[in-house]
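What follows is a set of notes on a single structure, which appears directly below.
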Amino acid sequence: MTHPTPAQTGITPGETAEQHAHFEARIARGEKIEAGDWMPAEYRRQLIRMISQHAHSEVVGMLPEGEWITRAPSLKRKTILMAKVQDEAGHGQYLYHAAETLGATREDMLQALLSGKAKYSSIFNYPTHTWADVGMIGWLVDGAAIKNQTMLAGCSYGPYSRAMVRICSEETFHHKQGKEMIVAYAQGTPEQRAMAQDALNRWWWPAMMMLGPHDADSPNSGVLSKWGIKLKSNDEVRQEFINEHVPELLEAGLTIPDPDLHQDAQGNWRHGPIHWDEFWAVIRGEQGLNKERLGARQAAHDDGAWVRDALQAYADRQRAVAAD
Ligand code: ACO
Numbered sequence: 000m001t002h003p004t005p006a007q008t009g010i011t012p013g014e015t016a017e018q019h020a021h022f023e024a025r026i027a028r029g030e031k032i033e034a035g036d037w038m039p040a041e042y043r044r045q046l047i048r049m050i051s052q053h054a055h056s057e058v059v060g061m062l063p064e065g066e067w068i069t070r071a072p073s074l075k076r077k078t079i080l081m082a083k084v085q086d087e088a089g090h091g092q093y094l095y096h097a098a099e100t101l102g103a104t105r106e107d108m109l110q111a112l113l114s115g116k117a118k119y120s121s122i123f124n125y126p127t128h129t130w131a132d133v134g135m136i137g138w139l140v141d142g143a144a145i146k147n148q149t150m151l152a153g154c155s156y157g158p159y160s161r162a163m164v165r166i167c168s169e170e171t172f173h174h175k176q177g178k179e180m181i182v183a184y185a186q187g188t189p190e191q192r193a194m195a196q197d198a199l200n201r202w203w204w205p206a207m208m209m210l211g212p213h214d215a216d217s218p219n220s221g222v223l224s225k226w227g228i229k230l231k232s233n234d235e236v237r238q239e240f241i242n243e244h245v246p247e248l249l250e251a252g253l254t255i256p257d258p259d260l261h262q263d264a265q266g267n268w269r270h271g272p273i274h275w276d277e278f279w280a281v282i283r284g285e286q287g288l289n290k291e292r293l294g295a296r297q298a299a300h301d302d303g304a305w306v307r308d309a310l311q312a313y314a315d316r317q318r319a320v321a322a323d
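For the record, in the sequence shown the residue sitting at position 121 is 120 according to numbering that gives the first Met the number 0, with numbers rising by one throughout.
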């Protein structure tokens with residue numbers, strides 16, 4: 000007979016039913032769980048997994064857009080893009096700090112990313128072929144991320160929830176600049192319109208997938224929902240994303256690359272089948288730019304070794320001075 004795992008039950012050997020009941024009552028009352036509070040080991044493990052993957056996504060997410068800083072078509076677009084890429088680095092920092100409050104170390108998290116053990120969002124393994132991809136990432140990818148992260152801003156873990164509030168306000172600016180850019184190109188010259196449509200053709204399905212597998216195929220959702228980390232399911236968030244973005248993309252004069260897309264009697268936009276084989280192949284690194292992304296992160300990590308050494312030497316000296 001196989002016994003259910005902590006990931007399925009949420010209860011780790013050594014924890015009591017009373018501890019769990021007290022913890023779940025706090026969540027039911029809408030209290031935030033803070034770093035020093037008692038929490039189930041599985042709650043801690045799930046949060047470290049999710050928050051560190053989220054941090055990695057922000058940092059790896061700088062790469063596809065960063066490639067375009069030198070090629071932005073005007074000074075205005077360049078300064079906007081530089082600010083956006085800088086914001087993503089800041090989001091990574093807030094999130095690594097939030098994971099550190101749970102006992103994870105920066106070194107272990109970075110090692111997990113660089114060794115390929117930790118995941119980061121599938122979306123950042125797709126290439127940016129044209130300048131319109133930068134706008135489409137802002138409109139669709141940040142649009143999808145905001146739907147997911149507005150939900151996470153209400154999550155039960157205080158440090159993650161507060162980081163999300165701050166991140167969402169910046170992501171809203173990213174979303175607006177992407178939409179403004181694509182709407183302008185969709186109403187521009189024939190070449191600009193074609194470039195915007197081509198970007199939509201390539202980013203629509205990856206953006207749909209980035210919100211995670213269908214609920215029936217989402218093994219983590221059970222405990223995440225039970226403990227108030229996920230307040231909406233993957234499919235619910237995806238539905239919110241489609242309902243907001245489909246009318247706006249159509250209004251911009253673009254064609255959504257889904258022949259089965261239609262509105263149901265309740266007004267919800269219904270999508271056609273998602274190619275999950277592609278999603279899993281991208282996550283496993285068999286398709287897309289996983290090797291290039293991790294190679295770029297490894298190079299940045301190696302190039303930054305002297306900065307870390309200098310900071311450590313400075314901190315050691317400050318401590319020695321204070322001890323004197
Ligand atoms: N890319 C890579 N892996 C994914 C993705 C994705 N888009 N979606 C799901 N997965 C992975 C999960 O991490 C999980 O693997 P693991 O157990 O080895 O960690 C597996 O697929 C099964 O998925 P779920 O059980 O549905 O996973 P979960 O309940 O954690 O839901 C989700 C996935 C929605 C991404 C959740 O982790 C989340 O909300 N994370 C925080 C937000 C985030 O990381 N956003 C990334 C984009 S940030 C940006 O765009 C700047």
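No residue lacks a Cβ here, since even glycine has one placed at the ideal position from N, Cα and C.
(request) Could you pull out every residue in the same chain whose Cβ sits closer than 6 Å to the Cβ of Lys-231, ignoring the five residues on either side in sequence? (result) In the sequence shown, the residue the question calls residue 231 occupies position 232. The answer, listed in chain order, is Met-150.
(request) Using only the heavy atoms of the ligand ACO, determine whether one of them is closer than 7 Å to the beta carbon of Ser-51. (result) Here residue 51 refers to the residue found at position 52 of the sequence shown. Checking every heavy atom of the ligand ACO against the Cβ of Ser-51, none is found closer than 7 Å.
(request) Could you give the DSSP three-state label for Ile-32: helix, strand or coil? (result) The residue given as residue 32 occupies position 33 in the sequence shown. Looking at Ile-32 - three-state DSSP - the assignment turns out to be strand.
(message) Would you say the beta carbon of Lys-229 is closer than 7 Å to some non-hydrogen atom of the ligand ACO?
(response) Position 230 of the sequence shown, counting from 1, holds the residue named residue 229. Answer for Lys-229: yes, Cβ within range of the ligand ACO.
(request) To the nearest angstrom, report how far apart Asp-257 and Val-133 are at their CA atoms. (result) Sequence index remark: in the sequence shown, residue 257 carries index 258 (1-based). Sequence index remark: in the sequence shown, residue 133 carries index 134 (1-based). Their Cα atoms are separated by approximately 22 Å.
(request) With a threshold of 7 Å, establish whether the CB of Pro-63 neighbours any heavy atom of the ligand ACO. (result) Along the sequence shown, read from residue 1 onward, the residue named residue 63 stands at position 64. It does not: the Cβ of Pro-63 is nowhere closer than 7 Å to a heavy atom of the ligand ACO.
(message) Let me make sure I understand the geometry here. Which of Tyr-93, Ser-114, Met-208 has the alpha-carbon closest to that of Leu-139?
(response) Position 140 of the sequence shown, counted from the first residue, corresponds to residue 139. Taking only the C-alpha atoms, the option nearest Leu-139 is Met-208.
(request) Return the residue from the list Gln-191, Glu-87, Lys-118, Tyr-159 that minimises the CA-CA distance to His-174. (result) As a position in the sequence shown, residue 174 is number 175, starting the count at 1. Answer by Cα proximity: Glu-87.
(message) Just to confirm, is the Cβ distance from Leu-253 to Gln-196 under 8 Å?
(response) In the sequence shown, residue 253 corresponds to position 254, counting from 1. In the sequence shown, residue 196 corresponds to position 197, counting from 1. Judged by their CB atoms, Leu-253 and Gln-196 are nearer to each other than the 8 Å cut-off.
(message) What would DSSP say about Tyr-125, mapped onto helix, strand or coil?
(response) In the sequence shown, counting from the first residue as 1, residue 125 sits at position 126. In the structure shown, Tyr-125 sits in coil (DSSP, three-state: anything other than H, G, I, E or B).
(message) Rounded to whole angstroms, what is the Cα-Cα separation between Asn-267 and Gln-238?
(response) Within the sequence shown, residue 267 is the residue found at index 268, counting from 1. Within the sequence shown, residue 238 is the residue found at index 239, counting from 1. Straight-line Cα distance between these residues: approximately 8 Å.
(message) Using CA atoms only, rank isn't needed, just tell me which of Met-135, Leu-94, Val-182, Trp-226 is closest to Ala-251.
(response) As a first step, residue 251 must be located in the sequence shown, where it is residue number 252. For the residues Met-135, Leu-94, Val-182, Trp-226, the minimum Cα distance to Ala-251 belongs to Val-182.
(request) Please find out if some non-hydrogen atom of the ligand ACO comes closer than 7 Å to the beta-carbon of Leu-397. (result) Limits of the chain in this structure are 0 at one end and 323 at the other, which puts residue 397 out of reach.
(message) I want to check one thing, is the minimum distance from the CB of Ala-144 to the heavy atoms of the ligand ACO below 7 Å?
(response) The count along the sequence shown starts at 1 and reaches residue 144 at position 145. Checking every heavy atom of the ligand ACO against the Cβ of Ala-144, one is found closer than 7 Å.
(request) Go ahead and label Ser-168 buried or exposed: buried means 16 or more other beta carbons lie within 10 angstroms of its beta carbon, across all protein chains shown. (result) Within the sequence shown, residue 168 is the residue found at index 169, counting from 1. Flag for Ser-168 reads exposed.
(request) Pair every Cβ in the region 108-119 with every Cβ in the region 70-79, then say whether three or more of these pairs are closer than 8 Å. (result) no
(message) Comparing C-alpha positions only, which one of Arg-296, Ile-122, Ala-103, Arg-25 sits nearest to Trp-204?
(response) Taking the first residue of the sequence shown as 1, we reach residue 204 at position 205. In this structure, Ile-122 is the residue among Arg-296, Ile-122, Ala-103, Arg-25 with its C-alpha nearest to the C-alpha of Trp-204.
(request) Look at the Cβ atom of Ala-34, then the Cβ atom of Tyr-95, and state whether they are nearer than 8 Å. (result) If you number the sequence shown from 1, residue 34 lands on position 35. If you number the sequence shown from 1, residue 95 lands on position 96. The answer is no: Cβ separation not under 8 Å.
(request) Can you say whether Leu-62 is buried or exposed, counting buried as having 16 or more other CB atoms within 10 angstroms of its CB? (result) Residue 62 sits at position 63 when you count from the first residue of the sequence shown. Buried, because 16 or more other Cβ atoms sit within 10 Å of the Cβ of Leu-62.
(message) Between Met-194 and the ligand ACO, is there a pair consisting of the residue's CB and a ligand heavy atom that are separated by less than 7 Å?
(response) Start at 1 with the first residue of the sequence shown, and residue 194 comes out as number 195. When distances are taken from the beta-carbon of Met-194 to the heavy atoms of the ligand ACO, even the shortest one reaches 7 Å or more.
(message) According to DSSP, is Tyr-95 part of a helix, a strand, or is it coil?
(response) To locate residue 95, count along the sequence shown from 1; it is residue 96. Note: Tyr-95 maps to helix in three-state DSSP.
(request) Please name the residue in Ala-215, Val-281, Gln-186, Asp-234 whose C-alpha comes closest to that of Lys-146. (result) As a first step, residue 146 is located in the sequence shown; it is residue number 147 there, counting from the start. Nearest option by C-alpha distance: Asp-234.
(message) Suppose you measure from the CA of Ile-68 to the CA of Pro-126; what does that come to, to the nearest Å?
(response) Here residue 68 corresponds to residue number 69 of the sequence shown, with the count starting at 1. Here residue 126 corresponds to residue number 127 of the sequence shown, with the count starting at 1. Using only the alpha carbons, I get a separation of about 15 Å.
(message) I'd like the list of long-range same chain contacts for Asn-200, defined as Cβ closer than 6 Å, with 5 residues on each side in sequence excluded.
(response) The sequence position of residue 200 within the sequence shown is 201, counting from 1. Cβ within range, chain order: Pro-256.
(message) Contact defined as beta carbons within less than 8 Å: I believe Ile-228 pairs with Tyr-156. What is the distance between those atoms, to the nearest angstrom?
(response) Here residue 228 refers to the residue found at position 229 when the sequence shown is read from its first residue. Here residue 156 refers to the residue found at position 157 when the sequence shown is read from its first residue. Correct: roughly 7 Å between the Cβ atoms.
(message) Beta-carbon within less than 6 Å of Glu-57's beta-carbon, same chain only, minus the 5 sequence neighbours each way: which residues are those?
(response) The count along the sequence shown starts at 1 and reaches residue 57 at position 58. If we look at Glu-57 and ignore the five residues flanking it on each side, its Cβ neighbours are Glu-87, His-90, Gly-91.
(message) With a threshold of 7 Å (Cβ to nearest heavy atom), would Val-140 be considered close to the ligand ACO?
(response) On the sequence shown, position 141 is the one that residue 140 refers to. Yes - the ligand ACO has a heavy atom lying nearer than 7 Å to the Cβ of Val-140.
(message) Between Ser-56 and the ligand ACO, is there a pair consisting of the residue's CB and a ligand heavy atom that are separated by less than 7 Å?
(response) For the purposes of this step, residue 56 is identified with residue 57 of the sequence shown, where counting begins at 1. Yes, the ligand ACO has a heavy atom inside 7 Å of this Cβ.
(request) Can you grab the Cα-Cα spacing for the pair Pro-158 / Glu-277, in whole Å? (result) Your numbering for residue 158 matches position 159 in the sequence shown. Your numbering for residue 277 matches position 278 in the sequence shown. C-alpha separation (whole angstroms): 34 Å.
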